[in-house]
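J.: This is the structure I want to talk about, given as structure tokens.
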Amino acid sequence: MKMSTLSLLALLLTGAAYAQPLFEKIETGPLVLPSTDSRSVNFVDVNNDGWEDLFITSGPQQGAFHLLYLNDGAGGYVKVTSGDIVTTLGPFDGATFADADNDGDLDLMAVTWHNAPNFLYFGNGDGSFDHAESAAPSVGGTYSETAAWGDYNGDGLVDLYVTNSNGNDPNFLYRNNGNGNFQKVSSGPQATDARTSRSVNWVDFDNDCDLDLFVSNESSQFDDLYRNLGNGSFERVSAGAPGQSPRSSMSSSWGDIDNDGDLDLFVANSGFYVQQNNQLFRNEGDGAFTEIAAGELSADGGCSYGSNFGDFDNDGDLDLVVSNGYCNGDIVNFLYLNDGQGNFSRDQQSIADLDTPCSYGVAWGDMDNDGFLDLAFATCKNNSSAPLAKNLFYRNLGNANNWLKVKPVGTIANRSAIGAKVWVTASIDGQEVTQMREISAQSGYCGQNSLLAHFGLGNATEAIEVRIQFRCGVDTVLTNIAAGQSIEVVEPLSTAVEEPSGSQGFRLEVSPNPANGEVRIELAADTPLPDRSLRLHDLSGRLVWERRLPANGASTWSGSLSPAELGLPAGIFFLKFGEKVSRIVWY
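Numbering (the numbering used here), first residue to last: 1411 to 1997.
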């Protein structure tokens, strides 16, 4: 919490309140009934009802079933007992959700270890999923750790990156070609480097409007930062990159810890029953990073696995949670408070009991839609002879601080808005503060936060400005947004392009747009239409359809296009008639 004069005074006046735990441990209900050997935990809305559901994987070698809990609309949960997603047996590790086919619901990639196949599931929008067994990412014989969705080539479709940890196989990059088709990318260092990789994040670390890659590697290896060159290829960054001292890195989490407009990095390290210090790197904004070696966060040791940034006290800065496991002696998870300048102190009051038998993934999400982030840990067996354990859940009881949640929805950008940036500006304690979030499908190793951008607003009663960047140079701006609500912002779809010379009043209209099927095309002009071809191009400029419209004296023409009849995948296309262009989005 910020220590300005006003907030310090408030702290002194309400010290008794702050001395009480901010969270209560959930001890009853379906969430804590099973004892498991869990790995990933994801807060996601799988049935589009506006409430955060929970998904958890389990990873014993003999296999286990996924756990899916639907939110009952009051902050409670109901276990799902039927369907592909909860009846698939496997030694699962990481999981990541996004709308891979742009049809308006979330899809799932769940990966496995122990030489088992990975699993891609497509969502049906009602909380049920179908296993896409023949899809390229559903490959067999893997030693995968986790995965993350991200649109690295800007075509409006989320691509997929999967980490592997057997040390012989490189990681997997799959390009999404639409209609459930994925193509494995085999060139570039991000696809050929063979490491013992754990965590992966898609992140725009250099603020150049494309998603880069950060991969955490264990076994005393360097971590890897790959810069997106903007042409579908990557280069490995060495000069100034974080993670260049050999560690056993498990988790990586990105967030703007000092509200300066760029994403900083936390790396969780574990030596398997040998404690290692974790690392915090400040992004200097010029592509270089400075390790912050002082403070509790970098000296606490621990055998750390998961990590996640979130403003759990709603004071306008990102706090941090770290999960620990596979360690000797008593194990406790770590919670840290941010002072607003990117300095963290260990918080042992907000949660009275952070003891754990062994924790893996960790995630923030608002279970009861009260604007305060709740917390979930996936627990595991600390060794082969240890008993199964119950997963850990903590409900945030809240305080007097305000909040705002923003759900970006892409139209030209991918539907889940993965990679979109959201800025919220508010006056907190008399100071104008701008916070930034980047929407991510993997927030730490085996952990996924809600896809809604959550902002603590302190004592601010409104956001002066909300700015969403869906794509480079295309910002949506809202002003004077009241605090204490969740808003959905749909990316505006503009198809207007300059008029061709000599054709006043010329129109080329496409509807509906976006569409998941046939679209209607209307051409109209003040004078007879010229002898020209109507052409459809994909994002690469390739001509995929053409129709000649002969000059016959008519000033209007209408027709239709169906992606199914043309054999076209979901994605972005450009319809051209002379110099007139309309963008079509099929999902």
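Beta carbons are placed, not taken as given, at the ideal position from N, Cα and C, and that holds for glycine. Since this is a predicted model, take the numbers as computed values, not measurements.
Which runs of the beta strand (DSSP E) fall wholly inside the region 1837-1876 and span at least 3 residues, in chain order?
T.: Runs of the beta strand (DSSP E) inside the region 1837-1876: 1841-1848, 1863-1868.
J.: Assuming P1818 is part of the beta strand (DSSP E), what are its boundary residues?
T.: Counting along the chain, the beta strand (DSSP E) containing P1818 begins and ends at 1812-1819.
J.: Using a threshold of 8 Å, state whether the C-beta atoms of G1650 and V1677 are closer than that.
T.: Contact: no.
J.: Express the C-alpha separation of H1541 and F1699 in angstroms, rounding to a whole number.
T.: Cα-Cα distance, rounded: 41 Å.
J.: May I ask you to report which of helix, strand or coil DSSP gives T1766?
T.: Reduced to three states, the DSSP call for T1766 is coil.
J.: Please determine, among K1815, C1790, N1669, the residue with the shortest C-alpha to C-alpha distance to N1753.
T.: Nearest C-alpha to N1753: N1669.
J.: Please list, in chain order, all residues of the same chain as F1582 whose beta carbon is under 6 Å from its beta carbon, the five residues on each side excluded.
T.: Answer for F1582: V1572, listed in chain order.
J.: Look up I1495 in the DSSP assignment and say whether it is helix, strand or coil.
T.: Helix at I1495.
J.: Can you tell me where the alpha helix (DSSP H) holding Q1600 begins and where it ends?
T.: Where Q1600 is concerned, the enclosing alpha helix (DSSP H) stretches over 1599-1602.
J.: Across which residues does DSSP place S1943 in a beta bridge pair?
T.: Answer by DSSP bridge pairing, in chain order: R1958.
J.: Is DSSP giving L1798 helix, strand or coil here?
T.: It is coil, neither helix nor strand.
J.: S1769 and S1733 - do their beta-carbons sit closer together than 8 Å?
T.: Contact flag set, yes.
J.: From the DSSP output, in three-state form, read off A1974 for me.
T.: It is helical.
J.: Excluding the five sequence neighbours on either side, which residues of its own chain have a C-beta within less than 6 Å of the C-beta of A1474, listed in chain order?
T.: Result list for A1474: S1468, in chain order.
J.: Would you call Y1683 buried or exposed, if buried means 16 or more other Cβ atoms sit within 10 Å of its Cβ?
T.: So Y1683 ends up on the exposed side.
J.: Under 8 Å, with one C-beta from each stretch per pair, do the region 1634-1648 and the region 1701-1718 reach the 3-pair mark?
T.: Not touching, per the Cβ criterion.
J.: Are there 16 or more other CB atoms within 10 angstroms of the CB of L1675, so buried, or fewer, so exposed?
T.: Classification of L1675: buried, given that the 10 Å Cβ count is 16 or more.
J.: Tell me which residues share the same chain as G1483 and place their Cβ nearer than 8 Å to its Cβ, disregarding the 5 neighbours each side in the sequence.
T.: Around G1483: D1459, W1461.
J.: According to DSSP, is V1442 part of a helix, a strand, or is it coil?
T.: V1442 falls in the helix class under three-state DSSP.
J.: Return the Cβ separation of Y1804 and I1466 in integer angstroms, given the expectation that the two are a contact with Cβ distance under 8 Å.
T.: Wrong, their Cβ atoms sit about 15 Å apart, outside the cutoff.
J.: Smallest Cα separation from N1688: which of P1922, S1655, N1512?
T.: Considering only alpha carbons, the answer is S1655.
J.: Rounded to the nearest angstrom, how far is the Cβ of N1587 from that of T1606, given a contact under 8 Å?
T.: Contact flag wrong, Cβ pair sits at about 30 Å.
J.: Considering only the beta carbon of each residue, do P1599 and F1632 sit closer than 8 Å?
T.: For P1599 and F1632, no; Cβs fall outside 8 Å.
J.: What are the partner residues of Y1746, as DSSP defines its beta bridges?
T.: DSSP lists L1730, R1756 as partners of Y1746.
J.: Compute the distance between the beta-carbons of G1485 and M1777, then report whether it is under 8 Å.
T.: For G1485 and M1777, yes; Cβs fall inside 8 Å.
J.: Give a yes or no on contact between the region 1866-1873 and the region 1718-1734, applying the rule of three or more CB pairs nearer than 8 Å.
T.: Enough Cβ pairs lie closer than 8 Å, so yes.
J.: In whole angstroms, what separates the C-alpha of D1757 from that of G1551?
T.: Taking the straight line joining both Cα atoms gives about 42 Å.
J.: Just how far apart, CA to CA, sit F1399 and D1515?
T.: Missing from the structure shown is residue 1399; the chain here goes from 1411 to 1997 and no further.
J.: Name the DSSP bridge partner or partners of I1878?
T.: Paired residues: V1832, T1886.
J.: Grouping DSSP H, G and I as helix and E and B as strand, with all else coil, what is E1706?
T.: In this structure, E1706 counts as helix in the three-state DSSP scheme.
J.: Quick one: what's got a C-beta closer than 6 Å to L1419's C-beta in the same chain, skipping five residues either side?
T.: Reliability of the predicted coordinates at L1419 is poor, the pLDDT of 38 falling under 50, and the value obtained from them is presented with this limitation in mind. Excluding residues within five positions, none has a Cβ falling inside 6 Å.
J.: What is the rounded straight-line gap between the Cα of S1450 and the Cα of A1773?
T.: Each residue's Cα considered, the two are about 9 Å apart.
J.: Count the other CB atoms within 10 Å of the CB of T1821; is the residue buried (16 or more) or exposed (fewer)?
T.: With 16 or more Cβ atoms within 10 Å of its Cβ, T1821 is classed as buried.
J.: Please confirm whether W1612 and G1883 have their CB atoms less than 8 Å apart.
T.: Cβ distance not < 8 Å, so W1612 and G1883 don't count as in contact.
J.: Taking the straight line between their C-alpha atoms, what separation do you get for N1738 and I1761?
T.: Each residue's Cα considered, the two are about 22 Å apart.
J.: Here's a check: name, in chain order, each residue in its chain whose Cβ is nearer than 6 Å to the Cβ of I1616, leaving out the five neighbours to either side.
T.: The sequence shown places Asp at residue 1616, not Ile. These residues qualify, in order along the chain: G1697.
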